Amino acid sequence: MDAMVRELSYAQAIQEAMAIAMDMDERVFLMGEDIGVYGGAFQVTGDLVERYGADRVIDTPISELGGAGVAVGAALTGMRPIFEFQFSDFATLAMEQIVNQAAKMRFMLGGEVSVPVVMRFPAGSGTGAAAQHSQSLEAWLGHVPGLKVIQPATPYDAKGMLLAAVADPDPVMIFEHKLLYKMKGPVPEGYYTVPIGKADIRREGRDLTIVATSIMVQKALDAAAVLESEGIDVEVVDLRTIRPMDKQTVIDSVKKTSRLLCVYEAVKTLGIGAEVSAMIAESEAFDYLDAPIVRLGGAETPIPYNPELEKVTVPQIPDIITAARDLVKGVR
Amino acid sequence: MATASKAVTNSRANLPFVYRQYSAEQLKQVLHKMYLVRRFEEGAEECYTRGLIHGTMHLSIGQEASAMGICMPLAEDDQITSTHRGHGHCIAKGAEVKRMFAEFFGKTTGYCKGRGGSMHIADVGKGNLGANGIVGGGIPIAVGAALSSKMMKTGKVVVSFFGDGANNEGAFHEALNMAAVWKLPVIFVCENNGYGMSTSTARSTAVKNIAERAAAYSMPGVIVNGNIFSEVAEASHQAVARARAGEGPTLIESKTYRHRGHSKSDRNRYRTKEEIEDWMSNRDPITLFESELREFGFIDDKGIEAIRDAVAQEIAEGIEFAKASPSPDISETGNYVYTEQA
Ligand SMILES: Cc1ncc(C[n+]2csc(CCOP(=O)(O)OP(=O)(O)O)c2C)c(N)n1
Ligand SMILES: [Mg+2]
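In order, the protein sequences belong to chains A and B.
So the first sequence is numbered by full-length UniProt numbering: it starts at 1 and just counts up by one.
So the second sequence is numbered by full-length UniProt numbering: it starts at 1 and just counts up by one.
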């Protein structure tokens, strides 16, 4: 029998996944700032503290470096912490523990240990929170061997990938776009996982491949719907994991469509788009390309407070439509 | 003016610090500014509710005496670093409310030309090096500014405002240590309003009073009632004198309370209505200051009324200014990322 499928928001899906993980394994616990009675800055933990108690839903002081380090230490020694950063921007305060410790511990110790920690990062712009609360820093962590970095784009994936992350023996970093938290979608009850390291073809098409991440997946799908009415048939690949990247799915798609557009919210330069483009240029798909690869990413600036400026700083649906259309029509 | 003349004939010798230290005119100015902070916050809140301001904001209603008391002995070119709850600090250091409103409205006439908003409000011209979106982010920066002051022999004193929550960040501890080792002219002001977002100091902080942390860094740790203007100003006065004399930093813990939620999305589930009510009706810093001013004969009802009216007008004009100001052009998104060079 199939599990009951309901409409849940992305935030509810994550909350449900954390509850299931805690029900299944008493080593799983949550840590973060204001995740208890406050319910988390984005209400993702919600009332979990009432169900699991303050010993398993732990409010930390405002101490990101120490908090992340405590989670790493607990993971190293047998627990299964899920650590919430209040905003992904505050990863910058905890970089030492994430990059120097969590990511390298197993390697440095010759495989004697594992660090099964999960860290959650509310990310992205669009809320008027300005330059220090709106960044997309996933590529920073994607650059570090030893970490796995995922960006679920739907409620279904958010739940399934979080459960996969908890089951994973290595550190998994989950970037959750803040504007997705209210997005609703079908989510089955009970336990299931969505594999880390596997992209998803969210829409099949013949004329162009759009590789998108996180919130840009939905924007790409919306753009594709418009382009369809113009006779342009877009394939949308949801990358889902940026490390380890599912190269084959992207390669196969580009071989089929012969055109590649990468869309992501983070600053364009030195980001995921560069990686995907280079990967294709190095692969057998290169010979299939009919046009130069195009990247659409964030502007080369911090995120501004002013709402109009904020909007133009990251790719929007009309930008994707224009870029895709130009690419297919050979406009440069 | 009967009350005023009574004040003159009374000896001031037994009055609290500020009533001995400052003129009636100066003290009225303080009341004016406290009202300006209060009404600014209320005005900003209303504009937010009406959709004129987006994002979020952290209001300092209830903490006015702390901001004003600390800034009282500062000279115009002394500097401060501020926090996400920084509107009061900004006004206390001399900012114009119209340019603050303009910033909140995202306009080019704002202090940050619409790029920063509430959380990054600054007034560099008046020595406010900026609010901060990062808890504790401003503390080492203040120490750096104090290092500049010492190296460049400018004589400037620097104040770093931060909340109780910030005292658990590593930056706080590292910064205090360096300031003490190098005897820098900096004053650390912890505005302890009892909570870092939802987490009470009892749940987050190992010491009962944050001022006790000063002992670990060999500097004076002073506790003041942050809702009593005179107490705050007196402590600040002493710390500024110590800093100017080259004797090094002080940690002041100003115990206060925020009347509003942490930010615009707070449901206040971590504290009781009774607690909030108690602070609002029994320990409101403006009410307390006003009644002292009255009691000691520095102002009468008419004087208070005049201040309230003037402030109301200033706020209304400020909002109008912000509304009428232009938005930045979207072609200017790339400005200010780097320093423009000729
Ligand atoms: C490094 C960092 N961690 C967390 C936050 C989110 N945050 C913003 S304000 C705040 C509470 C700060 O408490 P406190 O320092 O006591 O200042 P208050 O808000 O009470 O004025 C938190 C957790 C942040 N902005 N920066
Ligand atoms: Mg506080």
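Built from N, CA and C at the ideal position, the CB exists for glycine as well.
All of these numbers come straight from a predicted model, not from anything done at the bench.
Using only alpha-carbon positions, find the residue among the options that is nearest to residue i.
i, options, result
"E284 of chain A", "A:S229, A:V250 and A:G53", "A:V250"
"R240 of chain A", "A:A71, A:G160, A:G146 and A:A323", "A:G160"
"S149 of chain B", "B:Q79, B:E46, B:Y111 and B:C112", "B:Q79"
"residue 349 of chain A", "A:E96, A:F175, A:V149 and A:D246", "Only positions 1 to 332 of chain A appear in this structure, which leaves residue 349 of chain A out of reach."
"M57 of chain B", "B:F40, B:N282, B:C190 and B:L293", "B:F40"
"I319 of chain B", "B:E96, B:R267, B:D266 and B:I141", "B:E96"
"F321 of chain B", "B:A122, B:I307, B:M100 and B:I187", "B:M100"
"G69 of chain B", "B:D300, B:F289 and B:T339", "B:F289"
"A17 of chain A", "A:M216, A:A3 and A:P155", "A:P155"
"M279 of chain A", "A:L93, A:A74, A:R120 and A:V211", "A:V211"
"Q63 of chain B", "B:P249, B:A324, B:L15 and B:L36", "B:L36"
"K182 of chain A", "A:D326, A:L309, A:I14 and A:V37", "A:I14"
"I330 of chain B", "A:V331, A:V314, A:T322 and A:I320", "A:V314"
"E308 of chain A", "B:I53, B:N177, B:I223 and B:A145", "B:I53"
"T301 of chain A", "B:Y338, B:I307, B:K208 and B:C71", "B:Y338"
"D301 of chain B", "B:E314, B:T287 and B:Q313", "B:T287"
"G43 of chain B", "B:A92, B:E169, B:K98 and B:L15", "B:K98"
Can you tell me which of the three DSSP states residue i falls into?
i, result
"Y195 of chain B", "strand"
"A206 of chain B", "coil"
"T127 of chain A", "coil"
"C112 of chain B", "coil"
"K219 of chain A", "helix"
"A4 of chain B", "Low confidence applies here, because A4 of chain B scores a pLDDT of 43, under 50, leaving its location unreliable; read the following figure in that light. Reduced to three states, the DSSP call for A4 of chain B is helix."
"P81 of chain A", "strand"
"E7 of chain A", "strand"
"V166 of chain A", "helix"
"E253 of chain B", "strand"
"L296 of chain A", "strand"
"V240 of chain B", "helix"
"E231 of chain B", "helix"
"D319 of chain A", "helix"
"I280 of chain A", "helix"
"I232 of chain A", "coil"
"V331 of chain A", "coil"
"M72 of chain B", "coil"
"residue 380 of chain B", "The displayed coordinates of chain B run from 1 to 342. Any statement about residue 380 of chain B would go beyond what the structure contains."
"F101 of chain B", "helix"
"S118 of chain B", "helix"
"R206 of chain A", "coil"
Taking Cβ to Cβ, would you say residue i is nearer than 7 angstroms to residue j?
i, j, result
"G142 of chain A", "I242 of chain A", "yes"
"Y305 of chain A", "R115 of chain B", "yes"
"P81 of chain A", "F29 of chain A", "yes"
"A171 of chain B", "M219 of chain B", "no"
"A67 of chain B", "H89 of chain B", "yes"
"S63 of chain A", "L137 of chain A", "no"
"G298 of chain A", "A266 of chain A", "yes"
"S258 of chain A", "Y288 of chain A", "yes"
"E253 of chain B", "I228 of chain B", "no"
I'd like the span of the alpha helix (DSSP H) that includes residue i, first residue to last.
i, result
"K311 of chain A", "P307 to T313"
"V254 of chain A", "K247 to T257"
"S60 of chain B", "Careful: S60 of chain B lies outside any alpha helix (DSSP H) and carries neither H nor E."
"D301 of chain B", "D301 to A324"
"I303 of chain A", "Taken as a continuous stretch (DSSP letters only), I303 of chain A belongs to no alpha helix (DSSP H), as it is neither H nor E."
"I276 of chain B", "K273 to N282"
"I201 of chain A", "Taken as a continuous stretch (DSSP letters only), I201 of chain A belongs to no alpha helix (DSSP H), being part of the beta strand (DSSP E) at D200 to R203."
"R12 of chain B", "Taken as a continuous stretch (DSSP letters only), R12 of chain B belongs to no alpha helix (DSSP H), as it is neither H nor E."
"L109 of chain A", "Here L109 of chain A belongs to no alpha helix (DSSP H), and DSSP marks it neither H nor E."
"S291 of chain B", "P285 to E295"
Along the chain, where does the beta strand (DSSP E) that runs through residue i open and close?
i, result
"L260 of chain A", "L260 to V267"
"residue 356 of chain B", "Limits of chain B in this structure are 1 at one end and 342 at the other, which puts residue 356 of chain B out of reach."
"G185 of chain A", "K184 to P188"
"V224 of chain B", "G221 to N225"
May I ask you to list the residues that DSSP assigns as paired with residue i?
i, result
"M119 of chain A", "A:F83 and A:M173"
"T30 of chain A", "In the sequence as presented, Thr is not what sits at residue 30 of chain A; that position holds Leu. Paired residue(s): A:V57 and A:I82."
"A212 of chain A", "A:D238 and A:V263"
"N128 of chain B", "B:I80 and B:D123"
"K148 of chain A", "A:V172"
"V30 of chain B", "DSSP, once it has assigned bridges, lists no residue as partnering V30 of chain B."
"V186 of chain B", "B:V158"
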